[in-house]
Structure formats: structure tokens, C-alpha cells
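Engineer: First residue of the sequence shown? That's 644 in our numbering, and the numbers climb one at a time after it. Dropping the structure in here first, questions after.
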Amino acid sequence: MRRAESSRAADAVIPRRSQSVWLAAILLVAVLLRVGIALYLGDVVDAPPLLTDQRSYHALGERLLQGHGYSFASAWYPFTPADTPTAHWSFLYPLFIAATYALFGVHPLAVRLWQGVAGGVLVPWLVYRLAKRLFPARPGVPLVAAGIAAVYAYLALYAATLMTETFFIALVLWSLEASLRLAYAIKDGDPARWRDYALLGLGLGAAVLVRQSILPWLPVLMLFLGWQGHRVGLAGQVVRRLLLTGGLVILMVCPWTYRNYRVYGEFLLLNSNTGYAMYAAQHPMHGTTFQEYATAPLPADLAGLNEAEMDRALLRRGLQFVLAEPGRYVRLCLSRVRAFLEFWPTPDTTPLHNLGRVGSFGLLLPLLIYGLVLALCDRDVAARSALLVIFAVFYSALHVLTWAMVRYRLPVDAVCLPFAALGLDDLARRGKEWLARRGEQPESVPIHTATGQ
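Structure representation (C-alpha cells):
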């Protein structure tokens, strides 16, 4: 009831029509910016350093279009022989590239443009919805959040690259907004409709197929929603509905698990990159300073294994590195905090990416800290924000403990934009109040008038 009243109060301050006009203008700016970057990057995939995954997704899209399935025409990073089925890369994203190539020919620019338009609309709009869910009584904050998302340099840059970031971020934002909607309903004593849980399951399933690194988050999210149900005596109803959510995720993953079993004769849940990530990120070559772009050599004794076997063997080796030198692992993780949070220019990064780093997280961080403090100091806002804070901490820790680099932080950046918008909105309000107070102060009286001279 209070949320409905807050929403009506917000509409009274900024009419819905005005909000829609402003949001449409923001989305237009976002699309134009991303289209401009797409045209600048052009119809090539010979990407600069740090964007080399584009070549892999471009090649997979071509091979799918040619009927060769998920494979490469030559030996490919990190361990895929030529003309051999691979499970190392996202399954869903190459299908998107193949479909685009089928419509427009093999032109990376077509993918850049289409994805730039989709990202320019989806990401700022979903950030707007998330902020509106968090701050219903602050009508300016959602528009500010959408505006930041529209011009956030790294979000714009990756929207125009042949990589999974944009669609993954959009799915994360959508699933978190849907989860907040469920959490608020549960808190009010309503377990919510089965349909809402089904839609959440479909969104989470799609996110898993785009990037499987979201999988560890799913149990945490389920526990959070289950706990909300337990607090209000709806645990049984909520858990039954969450079984539907989890079941749909499993149903979406199962065809790919079956495909892997048919290909390798071994169980491989989804992608074969977990083992290599753990092995390469903890390899002794790093010492105690993580080198996020270094390529760890594969053990010679593992030659001849298929990808499912290689994934398990490398995972064991990575865990052995940790158990053999726990002190080094701790220091290595601490060095990954720097790699994860890096926003300053570095000599091993292209000028475009250095500009993107400073022009995105470098500007966001002070506002984010300030807005987060404001949110946590308000009991009601802190309760509404708990799920997003848990996600940001969990997802960040997951990468710090395994493999960290700047682009892996982007989902956290996007989720935290509403807090940065809250900070900026609060500073703007305080600035207006200060200017108003200065305008109301009487002018000083000249001395000669006061003394009668």
C-alpha cells in the first residue's frame, strides 16, 4: 500500500508523460552513442588487445552458418583442435551471431549495429526499472540512473563488440528486477503468481546459456527469496514456486548437457571453461601478482583428452595449486581486487579502453560510494536494496577468488548504477537548496548608511 502511495506521489512530482518523454530521449542518446561506436569499430574482427574473444564468437557464428556446428576451422584457444566440437564458449551468443549473418551476410558490423541498438534500449531501460523499484519516492533517481547507463563508456563500448557482455548484463538486470518484485510481494504476504516465477526461471536460464558464471548465484538468489517467505510464514508456497523457477533453468540447460554427452561421452553440464579458468588463474606463473591477460601453458600429460575430460583435469590442477600454496593464493586473490576494480589508464591497454575505464567507473565510484551510504543509512531503502548489495558482493568475490578483469565487473557496475544516481540526485538537491538559501540572504548594508554618513 505504501509503495502504491509513493508511486502516486512520484507521478504527482514528475507526471508519467514527462517521465516517458525524458526516458525516450535518454534511450535515443544511448542508441546513437552505441551506433556511433559500432561504425567506428567497423566491419572487422581483427580486434585490438583485450577484445580478442570477438574473433572466437565471429568464427563460431560463421561455422554454425556453414553447418559445421560449434567448432573452429583451425586449432583454437585454449585447447580445441581443428574441426572438433567445442563447448568452451557460450552456446546462445554464437546462435545470435549466426542468425544475424544469415540475414545480413557475414558482416561483423551488422552484429555491432543490431547489438548496439538492443543494448542502447535494453540496458538503460532496465536500469530505469530497477531504480524505480528501489526508490519509488524519488522520481528523479530512475531517470538519472538511465541517463548514466546511456553514456556509461564501458557499457557503450561493449554493446558494439561481438561479445556476451550486453545481453548478459540485460538478463542480470531483468532477473534482479523480477526478483525484487517477488521479494516485495512476499514481504506484503503475497507469494506472487506462478507466472512470475516462471518468467524469472526463463530469464535466469537464458543468462546461464549466455554466460555460465552466473550459475553459483542461483542458489543464493533462491535462498534469499525462500528466506523472505519464511519470515512471513509463506515458506512452503514460495519454495514450491521456486521449484518451478529452478526447474525451468534445468530444462533450458539439459539439451546442452545432452549434446555434450553425445559429443564427449562424458558428463559436462554446460561449458568447458571452468577448469581452465581455475587452472590458469591460480597457475604458479603469476607468483603473487595476477596477470589477467597471461595464457597459462597446458600440462603436456593432458594431451589427447577431450574437452569434458580436460575441464575436470584442469579444475583438479587448479585446486591443487590452491591447496599446495594457500598463502600465495590469498595474496593472488588480493592482487585480483586491483584487476577487478581497475579504472586508471595502464600501458597494456588501448587508448580507447583507457578512456573507457576513466570515463566510466572512474567517474562512477565516488557517486556509488556516496549513494550506497545514503541507501544503507535509510532503513527502508536498505531493506529494499539488500538483494542488489548481496549480488554485487557475491559476484565480485566470485571473480576475485577465480579470474578477475575489468569487463567481468560490468554486471556489477550496471546493477550499482541506481545507487550512483541516488548520490548524484542527492548532491543536486543539496546544491539547489544551497543556492536557494544564498538567494534568500539580504544584501549587506553599506557602512555609511548605518552610521548616517
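Using N, Cα and C, we set each Cβ at its ideal position, and we do this for glycine too.
1) Suppose you measure from the CA of F1037 to the CA of E985; what does that come to, to the nearest Å?
2) Please look up how many angstroms separate the CB atoms of F811 and R854, rounded, as I've assumed it's under 8 Å.
3) Taking the straight line between their C-alpha atoms, what separation do you get for L1044 and R1081?
4) Express the C-alpha separation of V678 and G668 in angstroms, rounding to a whole number.
5) Anyone know if the C-beta pair for A796 and G762 falls short of 8 Å?
6) Could you tell me if the beta carbon of C1059 falls within a distance shorter than 7 Å of some heavy atom in the ligand SAH?
7) Sort T809, P737, I829, F1034 by Cα distance to Q880 and report the nearest one.
8) Do the stretch 1014-1026 and the stretch 971-989 touch if we need at least three Cβ pairs shorter than 8 Å?
9) Taking the CB atoms as reference points, tell me whether V1058 and L819 lie closer together than 8 Å.
10) Could you tell me whether the Cβ atoms of L941 and F722 are closer together than 8 Å?
11) Just list the alpha helix (DSSP H) runs in the stretch 970-1022, keeping only unbroken ones of 4 residues or longer that don't cross its boundaries, in chain order.
12) Roughly how many angstroms separate the alpha carbons of Y713 and T809, rounded to a whole number?
13) Taking the alpha-carbon positions, what's the A725 to Y700 distance?
14) Going by beta-carbon coordinates alone, are A920 and W719 separated by less than 8 Å?
15) DSSP three-state call for W1046: helix, strand or coil?
16) Determine, using beta carbons only, whether L1065 and V794 come nearer to each other than 8 Å.
17) Of the residues V674, M806, V760, which one's Cα is nearest the Cα of S733?
18) Just how far apart, CA to CA, sit G890 and P737?
19) What is the C-beta distance between A939 and A923, in whole angstroms, given that I count them as a contact (C-beta under 8 Å)?
20) Could you spell out the range, first to last residue, of the alpha helix (DSSP H) harbouring T931?
21) Skipping 5 residues on each side, what residues in its chain have a beta carbon closer than 8 Å to that of A1139?
22) Find the nearest neighbour of D1069 within the set G1014, V1024, P1061, L1030, judged by alpha-carbon distance.
23) Verify the CB distance criterion: does G961 have a CB-CB separation below 8 Å to chain C?
24) In angstroms, rounded to a whole number, what distance separates the CA positions of E1076 and A788?
25) According to the Cβ coordinates, are L814 and A849 closer than 8 Å?
26) According to DSSP, is T723 part of a helix, a strand, or is it coil?
27) On the three-pair Cβ rule with 8 Å, is the stretch 949-969 touching the stretch 912-919?
28) For the candidate residues V754, R824, L852, whose alpha-carbon lies nearest to that of D686?
29) Less than 8 Å between the beta carbons of A741 and G704, yes or no?
30) Which residues in the same chain as L786 place their Cβ atom closer than 6 Å to its Cβ, once the five residues preceding and following it in sequence are excluded?
31) To the nearest angstrom, report how far apart Q697 and A967 are at their CA atoms.
32) For T938, which of helix, strand or coil comes out of DSSP?
33) What residue range is occupied by the uninterrupted alpha helix (DSSP H) comprising E820?
34) Within its chain, find whatever has a CB closer than 7 Å to the CB of P859; leave out the 5 residues flanking it on each side and keep chain order.
35) Between P782, V764, R874, A821, which lies nearest to R660 when the distance is taken from Cα to Cα?
Structural biologist: Quick look at the numbers:
1) 18 Å
2) 5 Å
3) 51 Å
4) Sequence inspection shows Ala at residue 668; the Gly mentioned does not correspond to that position. Computed Cα separation, rounded: 15 Å.
5) no
6) No copy of the ligand SAH occurs in the structure displayed, which carries no ligand at all.
7) I829
8) no
9) yes
10) yes
11) 994-1000, 1006-1020
12) 21 Å
13) 15 Å
14) no
15) coil
16) no
17) M806
18) 25 Å
19) 4 Å
20) Element bounds for T931: n/a, residue is neither H nor E.
21) The requested residue 1139 does not occur in the structure, where the chain is confined to residues 644 to 1096.
22) G1014
23) Judged by its chain identifiers, the structure shown contains no chain C, having just a single protein chain.
24) 22 Å
25) yes
26) strand
27) yes
28) V754
29) yes
30) W665
31) 35 Å
32) coil
33) 808-830
34) L1041
35) P782
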